[in-house]
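Asks: Protein chains in written order, with our numbering: chain A, 51 to 162; chain B, 51 to 162.
Cβ coordinates follow ideal geometry from the N, Cα and C atoms, glycine included.
Values in this document were obtained by computation on a predicted structure and should not be read as measured data.
Attaching a single structure in structure tokens format; questions to follow.
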DNA sequence: GTATTGTTTAGCGAGTTCGCTAAGTGTAGT
DNA sequence: ACTACACTTAGCGAACTCGCTAAACAATAC
């Protein structure tokens, strides 16, 4: 069933999901690692990069997926997590102008 | 006494402070309101914009100040809070490149 | 089938966050 | 001095977060 909330509200929720996801250092780090590895890694490879237990990493991945910052592609018994930069730029483009900063793609120098 | 940690570590802490501060909807909203009001407002004006109790808003302001996203200028018995956009752009410039997105001021189109 | 490998789910405990109300601090006005 | 105003600090409770371990699941290998 479709989401029946008006567009604006959904945006706010999605913005909240993105910023909340980015608020934890480990999750930001996951995105970085994903980037250096060409944007796609299995859960195991990712988990091996961190000192946390594997389930802990799994949960962080879940938060990132729900925020739309990564997507998951199952392949046999592996799961490949893929970086979704567009989601990040979309969130920035949506929010930055509201604090006077121009969208990510079209920044204006702040009039200090 | 000065902070004796090496520059890189301090950056990471500051980045964490900024992203943590931005993770709460109310705090993002405070920055927006501050922007629409020319970047400077008293605590009372700010508090009046939200349905929360004044002390709750005060605490949010404290988080934003500590993250460096706003600064405070006492004036008589008022306190003027001032938007600090530079801090935000600095955080973006520091972090975005690490996930393949070009700094805020010099974005490259993501190579989708 | 059974075992093994890759990964998630369940559930717990410590710590943090975020709302509140009540009390405190400091400046200005009379 | 005393009152009023602007604002913060203290402290509480409910909810959430984040780490863990143990158990479950799902796909491949034997």
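Starting from residue 149 (chain B), trace the alpha helix (DSSP H) both ways and give me its first and last residue.
Replies: Indexing the second chain from 1 puts residue 149 (chain B) at position 99. It is not in any alpha helix (DSSP H) - residue 149 (chain B) carries neither H nor E in the DSSP assignment.
Asks: Please return the same chain residues whose Cβ sits closer than 7 Å to the Cβ of residue 113 (chain B), not counting the five positions on each side in sequence.
Replies: For the purposes of this step, residue 113 (chain B) is taken as residue 63 along the second chain, with counting starting at 1. Closer than 7 Å at Cβ, skipping near neighbours: 71 and 77.
Asks: Out of B:138, B:86 and B:62, which one is the CA nearest neighbour of residue 120 (chain B)?
Replies: Here residue 120 (chain B) refers to the residue found at position 70 when the second chain is read from its first residue. The candidate whose alpha carbon is nearest that of residue 120 (chain B) is B:138.
Asks: Given that residue 115 (chain A) touches chain B, what residues does it touch there, using C-beta distances under 8 Å?
Replies: As a first step, residue 115 (chain A) must be located in the first chain, where it is residue number 65. In chain order: nothing, as chain B lies at least about 16 Å away.
Asks: Helix, strand or coil: how does DSSP classify residue 155 (chain B) here?
Replies: Working through the second chain from its first residue, we reach residue 155 (chain B) at position 105. If DSSP states are grouped into helix, strand and coil, residue 155 (chain B) belongs with coil.
Asks: List the whole-angstrom C-beta distance separating residue 142 (chain B) from residue 154 (chain B), where the pair is believed to meet the contact cut-off of C-beta under 8 Å.
Replies: Indexing the second chain from 1 puts residue 142 (chain B) at position 92. Indexing the second chain from 1 puts residue 154 (chain B) at position 104. Right, the Cβ-Cβ distance comes to about 4 Å (below 8 Å), so this counts as a contact.
Asks: Just the chain B side, please: which residues come within less than 9 Å of residue 125 (chain A) by C-beta, in chain order?
Replies: Within the first chain, numbered from 1, the residue matching residue 125 (chain A) stands at position 75. The contacting residues do not exist; residue 125 (chain A) stays about 21 Å from chain B at best.
Asks: Report the partner residues of residue 120 (chain B) according to the DSSP bridge assignment.
Replies: Within the second chain, the letter at position 70 stands for residue 120 (chain B). Partner(s): B:133.
Asks: Output, in sequence order along the chain, the residues in the segment 83-95 of chain A whose CB is closer than 7 Å to any CB in chain B.
Replies: Residues 85.
Asks: Buried or exposed for residue 104 (chain A), please, with buried defined as at least 16 other CB atoms from any protein chain shown within 10 angstroms of its CB.
Replies: For this step, residue 104 (chain A) is matched to residue 54 along the first chain. Counting Cβ neighbours within 10 Å, residue 104 (chain A) comes out exposed, since fewer than 16 surround it.
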